[in-house]
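Protein chains in written order, with my numbering: chain Y, 95 to 371; chain Z, 95 to 371; chain V, 95 to 371; chain H, 95 to 371. Beta carbons are placed, not taken as given, at the ideal position from N, Cα and C, and that holds for glycine. From a predicted model like this one, the values you see are computed outputs, not experimental measurements. For reference, the structure is listed below as structure tokens.
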């Protein structure tokens, strides 16, 4: 057993004081989600008082039933294939063992503690409330945002692209945006992200990428570019409003997905952490 | 909107290099868990190839069904009551709104980024592999461990108590330990923890506290002392072996529970992060 | 042990030939249902080939997650209360044991093999395709239908009220009818049913009773009259089209609900059986 | 629309009086089942009082999560394959559409109203309480039972084979019988059944066929003979005690499975109906 080493810089930074931003959404029955995935449901099989122990103690518990791509979540590389191949040219059939994605499953996503960059696109474009429904965030928009903010995503970082659409989460169905379309990067914006060799990209929408009005999830090129071609994870339905409002574009990013063996994604509650000024 | 502030100490510590220890267990069908909670089940409603988009793309997805107190998880303060009261004297009935614990539910657990302390009790006691089944970790054991390690949990920290029982996780049923009993703190050890005013306490067993052989979960005094009396969260079924092996007793602790509205707990994958020496 | 008795009339009728009408709907992901209940979801955890036995055998299996009031189903007397009371004046709290409705739960519904009467209301009213959205089937309509058909429901029978709305099932959302309203009996029609002392009443709509346009399930008087006041079960989302088309208004009715302990309802697939002419 | 025909023989038999025997088991959390299938779980998302309507009405509802092969259920022909083929030589892969068994799925099982024959094997063998654990019911045993009872299963009937093992259901784990073995037909008994060209065969055990002590479900030849080779459905975990006790060996059998699209089986509650003597 190696001796304990004093983790000085990190713990020192911690004692100086940190502020934590919650980038995840609450999971509640009826929250807006894609209809392609099992709805989030929750119930209490047992409430306090249903059974009381000999010493007056009682417990309540839960059952949840849900898809992994509902609410704030991360897509594993097993989630999307193209022409039958997953990332790295792996045949999607071969990735399965006993009916689960032993290869590239959600359990293979390493927990992330790394530099995070928030690209507040609407702020950079002068429309801080948010981009229009169905607006495609272009390579030029992303570059302009980097320029304005002075923060470029680097290799191994996580980049979060704010569209402002997250403001509609509380409204429910409008957030899903099937008819209206939803703003986000398109294929070229995804390539721009891939060129930066980040480990993951996140957005404040259900589908991460731009959805044209009425198009639904018919074709998702950014998913192909990121998950299949580049091995870059996608994080969806994030809450980026508070972080953007506070003006933090560079931070310690943490995401610890549930290690769901052989799954195609995991619900997650990412955090952005900054030193207190 | 305030200008972006350079989060220097934290990000500087990050660029110096960090090492991340995964303190959570994998979730897989058949993993050992308490029979009192809905079993973890997972399936892929859709596999690659079931449906192929016009551009050759295909997606796979998941459905999961589980209790929140299975695998590595955190207990919310809504989980345990005593004589009909939750923490703070709140009547358990009053905590419910529309059939969910609006008060003290899992959604009220703030994400944690704080100092963590690992108390490697068996190492301190000279039996590094682990404590015996049914062994009660006493106040004296905890103090001796603090003495030996030179790391005392402070107010607001998270304390993790290693019993070594986590080594049995891979064996399945023996880890549940109904007949054999399971090591852990008892009522007095829980009081010692409470006196330190930590925000949460974790262990490498399903029930966190000591279970006498054959006793099952009949009476759980440590849960009452911590959750009900002290408002201290409990984290269960952690994997502390690697962290203990590496000799890290003090670290940045991170736990970001899923904000499950009105639930009594949440699956979680805590992390211990240290600066690279 | 008593000797075997020859069940002559029933088996004789069987050998003469019977025709079976399926009065239930298929359960499939995405089928129209009330949003108040957990959605029906199904997946195959295991498909053929995932695991192969030593002799070349393989098996596939399922996981389903659903509410009990989705698709064709029967409401137990534990489903609806009024001013805190269930049928028979039983306090709804007292009906619970350990968090389940030990009293009046779905497990208390005796399997039904009895006379069934189909009241084809639109046919009797001269609009055989169906009643209008939001139309209230009145006491007069029911009497007129009995007159025309010459079949009156008697004590212990099951009465099925066709509105014709079932034709919309295949269309999905329109069948739910929130905005349009849905035809069915109102409070007085329910009283007419109750006066006949039937054991159950069924309809070809999700909510059984008339929904005014836009009203949703805000107030459901027929449920109160039947379940709470009269102890008469309600069967919803039936498929009555084929039976009506064939002109059978009197038949052997069979419904065998799943004995789900302590539940408030059960999915079911009722049958109407007639002798072949 | 054809005129209503008077279904005289069947309804006449009904009015003469019938007795209904429930051949299904109650579904409750913790009931004995095969560990290979998702456990039956049930909870009430809403209890009376959680929400109260403007008129004082309130409702309670359910969520259930379960495998289809738990409790009393019927196996569809999509459940078992041999060397990659389902019944009729259909390739198991070809039977799938969009990830579900469009061909031979549970939704293709026609509701059954037909003659049923109970073969009370232990009674015929002089051990009326039941067969021994792991006992193989042979072709000779089945013939002897037919001889003794004077009731032979004919083409299109449903045959129910009582082993008496159902008496252990209430004991839980012993009923599963992994270590002890479970009585039932073996391969040759299954062939005997198949030769009679019945439409389905049922038993009072979880696995229908004989399990040798400690063998588990490693190889199940009767499943192959019946489902794959003969297209005969299998009904498991039935309750045959009351029917046997009453001495009814011939009756009207009814089973109406839930039409679960693309599934491999369905929970069901079969009935045996006889005329009152």
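Following the DSSP letters along the chain, one finds residue 211 of chain Z inside the beta strand (DSSP E) bounded by residues 206-214. Assignment of beta strand (DSSP E) within the segment 255-317 of chain Y, counting only whole runs of 3 or more residues, yields 294-297 in chain order.
For residue 175 of chain H, the beta-bridge partners assigned by DSSP are V:152.
The C-alpha of residue 167 of chain Z lies about 11 Å from the C-alpha of residue 301 of chain Z. Around the beta-carbon of residue 162 of chain V, 16 or more other beta-carbon atoms lie within 10 Å, marking it buried. Check the Cα spacing between residue 356 of chain Z and each of Y:136, Y:324 and Y:175: the tightest is with Y:136. Exposed is the label assigned to residue 204 of chain H, since fewer than 16 other Cβ atoms lie within 10 Å of its Cβ. Interface flag for residue 308 of chain H against chain Z is unset, since no Cβ pair is found closer than 8 Å. For the pair residue 276 of chain V and residue 228 of chain V, the CB atoms are nearer than the 8 Å cut-off.
Contact fails between the segment 230-249 of chain H and the segment 187-198 of chain H, because fewer than three Cβ pairs, one in each stretch, are under 8 Å apart. For the pair residue 164 of chain V and residue 155 of chain H, the Cα-to-Cα distance works out to about 11 Å. Across the structure, residue 105 of chain Z and residue 364 of chain Z are spaced so that their CA atoms are roughly 20 Å apart. Interface flag for residue 185 of chain Z against chain H is unset, since no Cβ pair is found closer than 8 Å. Under a criterion of Cβ atoms nearer than 7 Å, no residue of chain Z is adjacent to residue 132 of chain V; the nearest Cβ is some 11 Å distant.
For the pair residue 224 of chain Y and residue 144 of chain Z, the Cα-to-Cα distance works out to about 36 Å.
With distances taken between CA atoms, residue 193 of chain Y lies nearest to Y:172 out of Y:210, Y:208, Y:183 and Y:172. Here residue 116 of chain Z carries a strand assignment [DSSP, helix/strand/coil]. Neighbours of residue 159 of chain Y in chain V, taken as residues whose beta carbon is under 8 Å from its own, are 132, 135 and 159 in chain order. Closest in C-alpha terms to residue 321 of chain V, from the list V:157, V:258 and V:292, comes V:292.
Three or more beta-carbon pairs separated by less than 8 Å are not found between the segment 280-300 of chain V and the segment 145-152 of chain V, which leaves the two stretches without contact. Annotated three-state conformation of residue 249 of chain H is coil, per DSSP.
With 16 or more other Cβ atoms inside 10 Å of its own Cβ, residue 216 of chain Y counts as buried. 8 Å or more divides the Cβ of residue 279 of chain Y from the Cβ of residue 256 of chain Y.
Counting other Cβ atoms within 10 Å of its Cβ, residue 109 of chain H stays below 16 and is therefore classed as exposed.
Boundaries of the alpha helix (DSSP H) around residue 109 of chain Y: 102-110.
Residue-level contact check: residue 327 of chain H does not touch chain V, since none of the beta carbons of chain V fall below 8 Å from its beta carbon. For the pair residue 353 of chain H and residue 329 of chain H, the CB atoms are not nearer than the 8 Å cut-off. Under DSSP, residue 190 of chain V shares a beta bridge with V:195. The beta carbon of residue 138 of chain Z sits closer than 8 Å to some beta carbon of chain V. The C-beta of residue 370 of chain Z has fewer than 16 other C-beta atoms within 10 Å across all chains shown, which makes the residue exposed. It is roughly 16 Å from the alpha-carbon of residue 214 of chain Z to the alpha-carbon of residue 286 of chain Z.
Spanning the alpha carbons of residue 242 of chain H and residue 102 of chain V requires a straight line of approximately 20 Å.
Within chain H, the residues 140, 144 and 145 have their CB atoms less than 9 Å from the CB of residue 192 of chain Z, given in chain order.
Taking the C-beta atoms as reference points, residue 210 of chain Z is found nearer than 8 Å to residue 254 of chain Z. Chain V has a Cβ within less than 8 Å of the Cβ of residue 350 of chain H.
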